[in-house]
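Protein chains: 2
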Amino acid sequence: MELLKKRITENGRALSESVLKVDSFLNHQIDPALINEISSEFCERFSDCSFNKILTIESSGIAPAVMTGLRMGIPVVFAKKAKPSTMTEEFFTAPVHSFTKQKDYDVAIAAKFITKGDRILIIDDFLAHGSASRALIAIAEQGGAKVGGIGIVIEKGFQNGGKLLRELGYRIESLAIIDEMSRDSIVFRD
Amino acid sequence: MELLKKRITENGRALSESVLKVDSFLNHQIDPALINEISSEFCERFSDCSFNKILTIESSGIAPAVMTGLRMGIPVVFAKKAKPSTMTEEFFTAPVHSFTKQKDYDVAIAAKFITKGDRILIIDDFLAHGSASRALIAIAEQGGAKVGGIGIVIEKGFQNGGKLLRELGYRIESLAIIDEMSRDSIVFRD
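Chain order of the listed sequences is S and G.
Counted the way our numbering counts, the first sequence spans residues 1 to 190.
Counted the way our numbering counts, the second sequence spans residues 1001 to 1190.
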């Protein structure tokens, strides 16, 4: 997606060879018009698929997930990083390892929001090692749902999450794949 | 907003006289079509105001904030509940007390995203004691910005946050104000 790559080039900043800062339009300040274009692109790329629910993880996945859900006319469920005090009923959990923060945490979704037979689209802002996506897949499977696609805003192609998930047969649509980056340059996959 | 009140009545659940569960459409599963209507209502109610930025707090404020930002054509900044490892520069923080979770935490916004003279609209899913809104006001003020309005999806009118903020002169537009609730009934303010 050219508009997104342009934005990453202009406003993103590689803090190292693995950490990309896109806080001016994606995960701290959000540009709603860009997210709207992103949701349009997800709809186009998955136009041959039929989903009835979107899963994402709080917080940065929520904006693209909700705009995509609006276009597709389906609900969004976001996994929570801590089991909330008002979540009194049964829930599914799966562990996530954050390489950026160097810690493990569980994400949780109330069991009632995953229905056997659900055709799930996962949406997230980043795909790096794939830990978050694998957690959402695990949660979907606990509820008997099937993940039919994974929509990613920015994939770090130099880390192995995308490769691994594609080898497992998952359809991934990443709107921008970065093959290499340094403080001076960001190289996108064609 | 009648559509919202209807939804709260039909799908919300008062777990006690103070805890309202709206996880099927607002803060765990999200109904994007409802959020879209909510953003339309915020635009209409604040049509006499001019804002250049929306502030909210992760996570449940993000969906209504981003859809409102799209309609208003302005960026959204969400305060983070923990200072992220990639937030290396200066930031503003303010404390929030969560009565539901019975704990205090800081929220943070990178200083570069608050500009002197910004005309801020705060959007959040709930207003109860007003702690989250007051934190966002404090952050805005640290950056020399002015809060011109506060848009709330559900106000717990039986708690004092709304009263307090209105007495301080803030313009609050709450789409549904609950005056009283119990396990059997939810009473809205006219």
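Don't be surprised by glycine CBs; every beta carbon is placed ideally from N, CA and C.
- For S1098 (chain G), the enclosing beta strand (DSSP E) starts and ends at 1091 to 1098.
- Checking the DSSP bridge columns, you'll see S1174 (chain G) partnered with G:I1152.
- Counting along the chain, no alpha helix (DSSP H) covers R1183 (chain G), and no H or E run does either.
- Under DSSP, F126 (chain S) forms a beta bridge with S:I154.
- Distances from the alpha-carbon of F1025 (chain G) to those of S:D118, S:F158, S:K53, S:K163 put S:K53 closest.
- L55 (chain S) carries a strand assignment under DSSP once its states are collapsed to helix, strand and coil.
- Look at Q142 (chain S) here: in three-state DSSP terms it is helix.
- In this structure, the alpha-carbon of K1080 (chain G) lies about 5 Å from that of A1108 (chain G).
- DSSP, reduced to helix, strand and coil, places V1066 (chain G) within a helical segment of the structure shown.
- Of the candidates S:I139, S:V96, S:K146, S:K146 places its Cα closest to the Cα of G117 (chain S).
- The Cβ neighbour count for P1075 (chain G), taken over all protein chains shown within 10 Å, is at least 16; the residue is labelled buried.
- At least 9 Å separates the beta-carbon of I154 (chain S) from that of I123 (chain S).
- Rounded to the nearest angstrom, the gap between the Cα atoms of P1032 (chain G) and K1005 (chain G) is 16 Å.
- Assignment of L26 (chain S) by DSSP, reduced to helix, strand and coil, places it in the coil class.
- Beta-bridge partners of V147 (chain S) (DSSP): S:I120.
- Per DSSP, K103 (chain S) is one residue of the beta strand (DSSP E) stretching across 103 to 110.
- Annotation: F113 (chain S) is outside any beta strand (DSSP E) and is labelled neither H nor E by DSSP.
- In the DSSP assignment, A79 (chain S) falls within the beta strand (DSSP E) that extends over 76 to 79.
- Here DSSP, grouped into helix, strand and coil, assigns L4 (chain S) to helix.
- Identification of chain S residues near A1063 (chain G) by a Cβ-Cβ cut-off of 7 Å yields I62, V66, ordered along the chain.
- For the pair I62 (chain S) and A1063 (chain G), the Cα-to-Cα distance works out to about 7 Å.
- Distance between R1071 (chain G) and D1125 (chain G), taken at the CA atoms: about 18 Å.
- Shortest Cα-Cα distance from Q1029 (chain G) to any of S:L55, S:F158, S:F51, S:S185 involves S:L55.
- The C-alpha of A1176 (chain G) is placed about 9 Å away from the C-alpha of I1008 (chain G).
- Beta-bridge partners assigned by DSSP to V1187 (chain G): G:E1180.
- Its chain contains T1100 as the residues whose beta carbon lies nearer than 8 Å to that of V1019 (chain G), once the 5 sequence neighbours on both sides are disregarded; these appear in chain order.
- For chain G, the residues of the region 21 to 46 of chain S that bring a beta carbon within less than 7 Å of one of its beta carbons are K21, D23, H28, Q29, I30, D31, P32, A33, I35, N36, in chain order.
- Secondary structure of A14 (chain S) (DSSP, three-state): strand.
- When only Cα atoms are considered, T1093 (chain G) and D1106 (chain G) end up about 6 Å apart.
- With respect to chain S, the C-beta atom of I1172 (chain G) has no partner C-beta closer than 9 Å.
- Think of a sphere of 8 Å around the beta carbon of S1059 (chain G): the chain S residues whose beta carbon falls inside it are E58, S59, I62, F78, K80, in chain order.
- For L168 (chain S), the secondary structure class from DSSP, reduced to helix, strand or coil, is coil.
- Distance from the Cα of I186 (chain S) is smallest, within the candidate group S:G157, S:R171, S:I172, S:L164, for S:G157.
- Under the Cβ criterion of 9 Å, T1009 (chain G) is not counted among the residues facing chain S.
- Per the C-alpha coordinates, the member of S:I137, S:G148, S:G12, S:F91 positioned closest to M181 (chain S) is S:G12.
- Around the beta carbon of E10 (chain S), fewer than 16 other beta carbons sit within 10 angstroms, so the residue counts as exposed.
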